[in-house]
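Below is one structure; the comments refer to it alone.
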Amino acid sequence: MELEVVLAIAMFVSAVAALIAGYPVALTLGGVALLFALIGIALGVFPDSFLKAFPSRIEGNSIMQSQTLIAVPLFVLMGVILERSRVAEDLLNIAARLLAGVRGGLGFAVILVGMLLAASTGIVGATVISMTLIALPTMLRQGYDVRLATGTIAASGTLGQIIPPSIILILLADAISNAASQANLAQGAGSAVVSVGDLFAGALIPGLLLVALYLIFVAIVAIVRPSAAPAAKLADGTAPLTFNDVALGLGAPLALIFAVLGSILGGVAPPTEASAIGAGGAILLAGLRLARGTGSRLGPILLAGVASLPVILILRNVLDLRVGDIAHSGLAAAAMGATALACLVLLASLVAGLLVLRRAAELKPALKSSAHITSMVFLILIGASLFSLVFRGFGGDDLVAEILHNVPGGMWGALAMTMLVMFILGFFLDFVEIIFVVVPLVAPPLILLGCDPVWLAILMAVNLQTSFLTPPFGFALFYLRGAAPPEVTTMQIWAGAVPFIGLQLLLLALVAAVPSLATWLPSVVAR
35 MELEVVLAIA MFVSAVAALI AGYPVALTLG GVALLFALIG IALGVFPDSF LKAFPSRIEG
95 NSIMQSQTLI AVPLFVLMGV ILERSRVAED LLNIAARLLA GVRGGLGFAV ILVGMLLAAS
155 TGIVGATVIS MTLIALPTML RQGYDVRLAT GTIAASGTLG QIIPPSIILI LLADAISNAA
215 SQANLAQGAG SAVVSVGDLF AGALIPGLLL VALYLIFVAI VAIVRPSAAP AAKLADGTAP
275 LTFNDVALGL GAPLALIFAV LGSILGGVAP PTEASAIGAG GAILLAGLRL ARGTGSRLGP
335 ILLAGVASLP VILILRNVLD LRVGDIAHSG LAAAAMGATA LACLVLLASL VAGLLVLRRA
395 AELKPALKSS AHITSMVFLI LIGASLFSLV FRGFGGDDLV AEILHNVPGG MWGALAMTML
455 VMFILGFFLD FVEIIFVVVP LVAPPLILLG CDPVWLAILM AVNLQTSFLT PPFGFALFYL
515 RGAAPPEVTT MQIWAGAVPF IGLQLLLLAL VAAVPSLATW LPSVVAR
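Residue numbers (the working numbering): 35 to 561.
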């Protein structure tokens, strides 16, 4: 075996071992790569030109000038603000009261709220902890089986991995797009672009299908074992739901989700602009939610801002489609004037929302948390970029491609091997490390073998979501264990997760067997 191959393998093993040992991810990836690069230069088997190209790699289109990654900080801000304003509490309360009297109603409510939180916050840890603190005591008090209750909460919390707008899909879009370009260049074709919108559209049907599988499972349990999922009973004296409760607590988050996803899938705005819509809408909803608790009189202004969001999107779409035909007419001037007025209303409402967040002492923590998460993502990306650069300098990418091409079964054998490795790594590593380290190595040869880039990315996303739920190392189970009451045992949590793992594996098999589940909607949106 050549020395370069030995160093490439040793480098990968050392990095994984250090990450499992708990060392900081970004510094581990960059430090291990730099150490092995220096060893390779000393032994004369590593060209130092790779290291010299690293600064331009960071400043180039792959990181700092990437249009795809612009959406990351804004979607993170959207999720953190909604999480800190306790939107989950309102959603669970309203959903549970709407489904009161229905056998398994609390389980349905948790799944549906998990879906809504996934499409609004997308932060798995925050979602699982919030629902554990809010829903689990109520479910246990109503007589739910502990395993069913904990499994439903953990599985619903991980929906943020697959239901757009998901941070994992944004990062995967960047990695898969680069991999597809490498594969095309290797075949002598031009560069390829896999956009965030492609993955959002591709993940929508599998995500909703997974939610449907969860709901069907809870319904079957409620029918077969009525004592495990009884109908919820409202406490005496519980006030009936009003139209304002449903409209503000449930309708407003739904409107934001439709505004963000609808603007992307409808072609009104690209994902980067949709992320700004999401961040602005989150400020409006958080301000509206907190204004009711602080006695602020800014509620009407915030409601006007919420109403102005769809108006701006509709008018912008009209102007984009028709401005060439009506440029010299009064209709064009009227549409532009209405857009300007709606923008002024939205700006005033955003200022009002920021004031409410500041008075509620939630603005600074939300901004600090968003900056922390965003900095972590980009620092890991820089460290992973150095790691992949050095690994490629040792010929590691050729080694991975050769291994995958020689796996029995062709494309399907290589794909199965890749999914298994990513599933196991998901026990120990966060999805960010796997996307930045593993995907750039395995995706180009898989695409060369015939995998559709969007289909491959959705399979990876579902796979990583499954590993988040699998005992004993699933991160969602750790979050739930930390927030659950002491009487709930770890074994009950693990046992509760098993049926939902089976449902996620079923979804993975369905998407693998029927690629159109992931590729049909992106093709429709593109047309």
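Built from N, CA and C at the ideal position, the CB exists for glycine as well.
Per-residue DSSP class, three states only, for residue 217 | helix
Entirely within the segment 423–491 and at least 4 residues each: give me those alpha helix (DSSP H) ranges in chain order.
-> 430–440, 444–462, 465–471, 473–482
Would you call the CB atoms of residue 280 and residue 204 closer than 7 Å?
-> no
Looking at C-alpha atoms only, which residue of 326, 334, 302 is the closest neighbour of residue 345?
-> 302
Residue environment, residue 552, which counts as buried when at least 16 other CB atoms sit within 10 Å | buried
So, helix, strand or coil for residue 265, using DSSP?
-> strand
Three-pair Cβ contact test at 8 Å for the segment 85–93 versus the segment 105–125 = no
How long is the line joining the alpha carbons of residue 567 and residue 59, rounded to whole angstroms?
-> As shown, the chain starts at 35 and ends at 561. That puts residue 567 outside it, with no answer to give.
May I have the straight-line CA-CA distance separating residue 333 from residue 113, to the nearest angstrom?
-> 21 Å
Rank 55, 517, 547, 502 by C-alpha distance to the C-alpha of residue 570 and give the top, closest one.
-> Look at the range of the chain in this structure, 35 to 561, and you will see that residue 570 is not part of it.
With burial defined as no fewer than 16 other Cβ atoms inside 10 Å of the residue's Cβ, what is the status of residue 548: buried or exposed?
-> exposed
Quick one: Cα of residue 413 to Cα of residue 172, how far?
-> 40 Å
Terminal residues of the alpha helix (DSSP H) in which residue 513 lies | 509–517
Given that a residue counts as buried once 16 or more other Cβ atoms are within 10 Å of its Cβ, and exposed if not, what is residue 81?
-> exposed
Neighbourhood of residue 216 by C-beta, 7 Å cutoff - its chain only, sequence neighbours within 5 removed = 478
What's the gap between the Cα of residue 429 and the Cα of residue 84?
-> 12 Å
Would you call residue 404 buried or exposed, if buried means 16 or more other Cβ atoms sit within 10 Å of its Cβ?
-> buried
Compute every distance between the C-beta of residue 420 and the non-hydrogen atoms of the ligand GDP, then say whether any falls below 6 Å.
-> The ligand GDP is not among the ligands present in this structure, which contains no ligands whatsoever.
Provide the residue span of the alpha helix (DSSP H) that contains residue 57, from first to last.
-> Where residue 57 is concerned, there is no enclosing alpha helix (DSSP H), given that its DSSP letter is neither H nor E.
Where does residue 392 sit, in a helix, a strand or coil, going by DSSP?
-> helix
Would the segment 178–191 and the segment 441–456 be scored as touching if the rule is three or more Cβ pairs under 8 Å?
-> no
Just tell me which of 370, 492, 125, 48 has its CA closest to the CA of residue 69.
-> 48
Status (buried if at least 16 other CB within 10 Å, exposed otherwise) for residue 309 = buried
Would the segment 238–250 and the segment 530–542 be scored as touching if the rule is three or more Cβ pairs under 8 Å?
-> yes
Is it true that the segment 422–438 meets the segment 132–152, where meeting means three or more beta-carbon pairs spaced less than 8 Å apart?
-> no
Going by CA-CA distance only, name the one from 385, 300, 371, 496 that's closest to residue 336.
-> 385
Extent of the continuous alpha helix (DSSP H) to which residue 252 belongs = 230–258
Can you tell me the Cβ-Cβ gap for residue 228 and residue 210, rounded? I've got them flagged as a contact below 8 Å.
-> 5 Å
Quick one: is residue 274 buried, meaning 16 or more other Cβ sit within 10 Å of its Cβ, or exposed?
-> exposed
Contact between the segment 252–266 and the segment 493–512: three or more CB pairs below 8 Å?
-> no
If residue 201 sits next to residue 292, beta carbons under 8 Å apart, how far is it from one beta carbon to the other, in whole angstroms?
-> Contact doesn't hold; Cβ gap of about 20 Å is too wide.
Exposed or buried, which one is residue 444 when buried takes at least 16 other CB atoms within 10 Å?
-> exposed
Selection from 65, 322, 233, 374 that minimises the alpha carbon distance to residue 557 | 233
Would the beta-carbon of residue 518 fall within 7 Å of that of residue 192?
-> no
Just confirm the distance between the C-beta atoms of residue 468 and residue 453, as a whole number of angstroms; I'd bet it's less than 8 Å.
-> That pair is no contact at about 12 Å.
With DSSP as the reference, please indicate the residues paired to residue 137 in a beta bridge.
-> 265
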